[in-house]
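Below is one structure, written out as structure tokens; the observations come after it.
Take a look at the structure:
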């Protein structure tokens, strides 16, 4: 993957975060952290609040209590554009590209905060990581296949080489082989280059294989935490997927 | 044949005014999702501001620049002060239309209260008549066509080649994702309203020039042409607005030459209703 | 005060109030935003004029127009109302289809402008921009129209007619039909899924409002004896909208108040502003318009519900039937859900207390004697009563594409009567899409949907609902401005009051059905523990409570097959279990349920079979434990 980072990764810390969409909170008192060089995964069944947590970390949803810090900076309650400037790259689960813009323009938007001279270099670097994008630079993003769109979405965040990566179910709708490549190669590389990576996934097994640490989210709360090996060995882990939310 | 050519000539002028106006209108919708029906009122306010200066001896082309600046600022205020607060509250689109109708009344009849009800005209020289390609137009009319071409080219350059233009398109396509890229969506939107407001003011002044004499309610019917051009090309699509403007402008003038002039708007209205009924995303938009 | 002045005031007030009532009915109650409203008043005015005018009017026929039939009163007025209503029909193409509300409104606005333009310019039609004048006034042959007695009578008639219109729209609104209109206003997709024919409702509203507007135009024309395009530009529609918004949209008294305050009030107030020769002549009218614009914007910001907001409708409690003294319990008793599982139940299950007469839908015999909407139509055979465990709902090779994305790729699923089938799968598996196609809210790209042995693939959602195929929605789908009780009542099919005819026949006609529905709804509310909220607006409840309202509402619709889209999301686990229990009991009584859910414990406890989907296709089917033992299901979905 491209180039050395120009800045070291930063730790992400979320403490006691409670958030929702107005009305009842969807996540309650969630505390997670990811350090530079780590791949931290967040798994859980549908409806457990994983996407909501990420959205609250990047400012798309208002946090009703708790704090979020990136490095030394407290970004709680800040708008998304400020959080991006604090060094967070976020790939949402859906609506992850600008459909009417071309691939190149999508990448340029990814590099919006860069001085114009650097944009072209970064685009070259990103297309080295995702060679298929190089052939499609003039194609409107809306015309890409599912896998290509995800690559473009990842490429977009790579433009800024953020210190923290937040990925919301990057393998959703991808064929298993493509999903595996995405996780094993690209996501792991992000951490190798020093960034802190928090990946939300529903397909737990695949992401556990590349994680340093894992959180299990259920019913809006953190149920379990530990290394993948510990969790995979625990029967409670499998249960929390297979219907633990009702047994309170 | 000469009737045809003459009407094509007039059609080009109408298309030019319409293009300038429709591009502004459609971009406002694209980036804010509001059908700003007060657009016509802001146009005529700009026209009258230019008239105010012109009647005190300022050259109309210089007055035009002032009007453009004023409408740019006024449009930014209109969005920031009225539309955006309503939208932040989650107001339904249909209610936004009613709000914009209210603003139309305030602006249009505010102008009428100040300027009076009688029609006025600019003191300007239309320049020599020029014959080119079979139609005969005044130099001023050629200037309007030229301005419109400039606006279209400028819009193209803005949207395709500048950072701001791409940010505008990105914000219109997916505001949240744009913010995640670090784009200050609020500023981009304000810039959009400033630019489109400038176009609105420009359109108002050249409309008044082309019309000869005008009063505070002159743009009421013209707004319908703008809507027709917008929906023909597809709401939110700048190139669609250009295409729509050419089609509507030419067809209204040509039909006026062959059928009674009073009915020239009928074609525009029919086109608009057909598009709404059949393909609301417009010719250049994706099918829903 | 000059009596002619007072008469003028009264007639204008009556005419404006009448027009506002028509608009309030269309816009405030039914949510049809008709920016072309003025056209209907204009059409009425012109119709009355050309029906009343002689062939060649006085002074050597200086006007040219159609008609000129010189008909006596009251035919011109009746004709005006009829034409006002008929003119509405061509516009249904704008409001019927799923066009964005603001786009449709713009279309109507433009049409108003166009009509005005045509009338102004096409002289032979209606005398162009000069308009029509010397229009004969009612019975002007017999009486002297200039006499003050005549004018008082005219004013009185106008007021009486306005009162009649008020009673008319009130009767429509305060009926089950009115409730359906309000439901459509609040959420048209959901209303559609509950069996409301949106196109028919909106068309009826356009025609009704048009007729009222037409009548108001006729009255006005008969008083002022002239009618020209200048009297009905699109600005006049804006004034009427302002009046309805300020007075209170959805409240008919508010409409009258608005009419008095805005069109009438404004005119009168300006009369008292001292005029001076220094002021330009058009200053006051211009400022009037500015003031109206300001009022619209300020009201929409500060008090969008208007001065007299829509009232909350509280259903009158219906006395419940007493429990039978001996053991002859009504047949409903046998299908009572198992109360033992629910810890909240105070009384032991075998006590016959009034609330035990569970009027749950499964107890409504499926072979109901009351015909459902569909069966009433000639030629439609009633669906044959299904046998036990027969397949009642089927998807055959169903495909759904969204642009380039294939969301559902050839799915075949059979659902048997009396089962609680679960549908599970990860995000993007196509579960909700499949459910939507089964219900009819989404059309299939290819494939077939069969319901009760019939191919319903091309049947729209509201017609499937009338056949008993009912769905719920994933996201908030309650009717916010209806109370919880009204939400439930809105779903009841076959209420006699749920049609224009029924509404006009009056409460005596539909009270019986309504009371029965209220009783059912009350029992259901008690079952689910929400009876205290019966009169709260549905929009004010918590997420879990709203979910329950949705499920109850679906049950009120007398479903044969119920499609639930994530019904337990946000619901307290204990309550989720209880709902599951209710559903199982209802299934035992013959209800069929298909449920998309993520709470897999629910699947465990209540659903059999469970269908697992992934990437648009069905992976496997079986009980939850069987599925868990299949590695491909576990791989694809559970632990990836």
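Protein chains in written order, with the numbering used here: chain A, 810 to 1057; chain B, 49 to 336; chain C, 1309 to 1948.
Beta carbons: idealized from backbone N, C-alpha and C, even for Gly.
It should be emphasised that the depicted structure is a prediction, and the values quoted were computed from it without experimental measurement.
Short CB-CB distance (under 7 Å) between residue i and chain B
| i | result |
| --- | --- |
| residue 1650 (chain C) | Here the model assigns residue 1650 (chain C) a pLDDT of 36, short of 50, so the residue's position is not dependable, and the following value carries that caveat. Judged by the 7 Å Cβ criterion, residue 1650 (chain C) is not in contact with chain B. |
| residue 1588 (chain C) | yes |
| residue 1545 (chain C) | no |
| residue 919 (chain A) | yes |
Residue i and residue j closer than 7 Å at C-beta
| i | j | result |
| --- | --- | --- |
| residue 1551 (chain C) | residue 1328 (chain C) | yes |
| residue 1803 (chain C) | residue 1846 (chain C) | no |
| residue 1543 (chain C) | residue 1555 (chain C) | no |
| residue 69 (chain B) | residue 274 (chain B) | yes |
| residue 1545 (chain C) | residue 1345 (chain C) | yes |
| residue 71 (chain B) | residue 240 (chain B) | no |
| residue 67 (chain B) | residue 290 (chain B) | yes |
| residue 1382 (chain C) | residue 1356 (chain C) | no |
| residue 1539 (chain C) | residue 1325 (chain C) | no |
| residue 1873 (chain C) | residue 1780 (chain C) | yes |
Inter-residue spacing [alpha-carbon to alpha-carbon] between residue i and residue j
| i | j | result |
| --- | --- | --- |
| residue 1875 (chain C) | residue 977 (chain A) | 25 Å |
| residue 1843 (chain C) | residue 1514 (chain C) | 30 Å |
| residue 1478 (chain C) | residue 1465 (chain C) | 20 Å |
| residue 880 (chain A) | residue 1003 (chain A) | 13 Å |
| residue 834 (chain A) | residue 827 (chain A) | 7 Å |
| residue 56 (chain B) | residue 250 (chain B) | 23 Å |
| residue 269 (chain B) | residue 84 (chain B) | 15 Å |
| residue 101 (chain B) | residue 118 (chain B) | 13 Å |
| residue 187 (chain B) | residue 52 (chain B) | 20 Å |
| residue 326 (chain B) | residue 280 (chain B) | 11 Å |
| residue 1376 (chain C) | residue 1354 (chain C) | 11 Å |
| residue 180 (chain B) | residue 64 (chain B) | 17 Å |
Chain A within 7 Å of residue i, Cβ atoms only
| i | result |
| --- | --- |
| residue 71 (chain B) | no |
| residue 1841 (chain C) | no |
| residue 312 (chain B) | no |
| residue 222 (chain B) | yes |
| residue 218 (chain B) | yes |
| residue 237 (chain B) | no |
As assigned by DSSP and simplified to three states, the class of residue i
| i | result |
| --- | --- |
| residue 1952 (chain C) | With chain C represented from 1309 up to 1948, any question about residue 1952 (chain C) goes unanswered, as that position is not in the structure. |
| residue 1660 (chain C) | Because residue 1660 (chain C) carries a pLDDT of 33, less than 50, the predicted location of this residue cannot be relied on, and the following value inherits that uncertainty. In the structure shown, residue 1660 (chain C) sits in coil (DSSP, three-state: anything other than H, G, I, E or B). |
| residue 1879 (chain C) | coil |
| residue 1806 (chain C) | coil |
| residue 300 (chain B) | helix |
| residue 1580 (chain C) | coil |
| residue 1836 (chain C) | coil |
| residue 1373 (chain C) | strand |
| residue 1354 (chain C) | helix |
| residue 316 (chain B) | helix |
| residue 995 (chain A) | helix |
| residue 1891 (chain C) | helix |
| residue 1697 (chain C) | coil |
| residue 131 (chain B) | helix |
| residue 830 (chain A) | coil |
| residue 1709 (chain C) | strand |
| residue 1098 (chain A) | The structure shown does not extend to residue 1098 (chain A), since chain A spans only 810 to 1057, so no value can be given for it. |
Neighbour flag for residue i against chain C, beta carbons, 7 Å
| i | result |
| --- | --- |
| residue 168 (chain B) | no |
| residue 165 (chain B) | yes |
| residue 307 (chain B) | no |
Any 3 or more C-beta pairs closer than 8 Å across the region 154–173 of chain B and the region 278–294 of chain B: no
Cβ contact check for the region 144–153 of chain B and the region 1596–1607 of chain C: 3 or more pairs under 8 Å: yes
Touching by the beta-carbon criterion (3+ pairs, under 8 Å), the region 871–879 of chain A and the region 1031–1041 of chain A: no
Given 8 Å, three or more beta-carbon pairs between the region 1320–1338 of chain C and the region 1510–1524 of chain C: yes
At least three beta-carbon pairs within less than 8 Å, the region 132–145 of chain B to the region 251–269 of chain B: no
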